[in-house]
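2 protein chains.
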Amino acid sequence: MSKDWLDDVAWNADGLVPAVAQDADSGEVLMLAWMSRESLARTAETREATYWSRSRKAIWKKGETSGHLQKVVEIRLDCDADTVLLRVESVAGIACHTGRRRCFFNLLEGAGGSARWVATDPVLAEPGTFRDG
Amino acid sequence: MSKDWLDDVAWNADGLVPAVAQDADSGEVLMLAWMSRESLARTAETREATYWSRSRKAIWKKGETSGHLQKVVEIRLDCDADTVLLRVESVAGIACHTGRRRCFFNLLEGAGGSARWVATDPVLAEPGTFRDG
């Protein structure tokens, strides 16, 4: 491993890696977002999850506008160093911009041609009452 | 949502989406791999996790050579439809090609300039005694 732990990360051609956020208490997988070198450095320094918004092309501190911060308990890197895993405490228990506790609320039900995605999780806060970011 | 559930997925420019595999029993996040349309279709049909190997540019059924299959309990899609979450039963309890139960065995320890990645998980099967894919 390198002198600088950030050099150990296998950044992709855009200088990013995917980061999975997992609830430290429930174990629930909350979301996947992307990180730049700077956002990972800030995450480690501040212990608050900070991502890279590919649409806005900007550093994006999770919960900066919504208040739904993610306090980082643990930062992990996978075997080929191209994916980050964060174990986080999800403030207000809401990780998704739709106001749900996690982004993975679409469950595949049924099989074959009749399979479809069904939303399974309740909306805890009306989108529009906050903005995330 | 579309008639064909596969059309609801926001495939990237390469026709892929990241897929996170989570242990259905322990809740542990095991790995992240990529899926093509065909690998997701096969995963749903066979209920065995099937990915796309970006290095080999080929469909890759997890455990095909190692025996470390992932039996799929649940398939989820996130809010913007560009990430898949699988809840799986990990055969033999090994998801990583290094012989560990999960790929995220590198933990960031320390802070600032002295931070470093430390391997935390035991090797359960010697790599070389199996090959994965």
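If you read the protein sequences in the order shown, they are chains P and X.
For the first sequence, our numbering gives the first residue as 1, with consecutive numbering after it.
For the second sequence, our numbering gives the first residue as 1001, with consecutive numbering after it.
Beta carbons: idealized from backbone N, C-alpha and C, even for Gly.
Start-to-end residues for the beta strand (DSSP E) that takes in X/R1076
Q1070 to L1077
When the Cα atoms are used, what is the spatial distance from P/G134 to P/A92?
In the structure displayed, chain P extends from 1 to 133; residue 134 of chain P sits before or after that span and is not available.
Under 8 Å between C-beta atoms, does P/I94 make it to chain X?
no
Output the residue ranges of the beta strand (DSSP E) runs that lie fully inside the region 1079-1132 of chain X and measure 3 residues or longer, sorted by chain position.
1084-1090, 1106-1109 and 1116-1119
P/L30, enclosing beta strand (DSSP E) - first and last residue
V29 to S36
Pick out whichever of P/D23, P/S90, P/D78 and P/W34 has its Cα sitting closest to the Cα of P/L58.
The residue asked about is misnamed: residue 58 of chain P is Ala in this sequence, not Leu. For the residues P/D23, P/S90, P/D78 and P/W34, the minimum Cα distance to P/A58 belongs to P/W34.
Residue interval of the beta strand (DSSP E) (run including X/L1016):
L1016 to D1023
Integer-rounded CB distance, given that X/L1030 should sit under 8 Å from X/R1087
That pair is no contact at about 10 Å.
Quick check on DSSP: helix, strand or coil for P/W52?
strand
Return the residues of the region 1002-1019 of chain X that lie within a Cβ-Cβ distance of less than 7 Å from chain P, sorted by chain order.
W1005, D1008 and P1018
What's the gap between the Cα of P/T83 and the Cα of P/G112?
31 Å
Is it true that the CB of P/A49 sits closer than 8 Å to the CB of P/H155?
Chain P is shown only over 1 to 133; residue 155 of chain P falls outside these bounds and no answer can be derived.
Do we get a CB-CB distance below 8 Å when we pair X/A1044 with the residues of chain P?
yes
So that I know if they touch, is there some Cβ in chain X lying closer than 8 Å to that of P/A125?
no
Three-state secondary structure (DSSP) at X/A1044?
helix
If you drop the 5 nearest sequence neighbours on each side, which residues of the same chain put their C-beta closer than 8 Å to that of X/R1100?
I1094, D1121, P1122, V1123 and L1124
Cutoff 8 Å: X/A1115 Cβ touching any chain P Cβ:
yes
If we call anything under 8 Å between Cβ atoms a contact, is P/P18 one with X/P1018?
yes
Could you check whether the Cβ of P/C79 sits closer than 8 Å to any Cβ belonging to chain X?
yes
List the residues of chain X that P/G27 touches, going by C-beta distances under 7 Å, in chain order.
G1027
For X/W1060, does the three-state DSSP call read helix, strand or coil?
strand
Within chain P, the residues that X/T1098 reaches when beta carbons sit closer than 8 Å:
C79
What residue from X/C1079, X/W1052 and X/V1020 has the CA that sits closest to X/L1085's CA?
X/V1020
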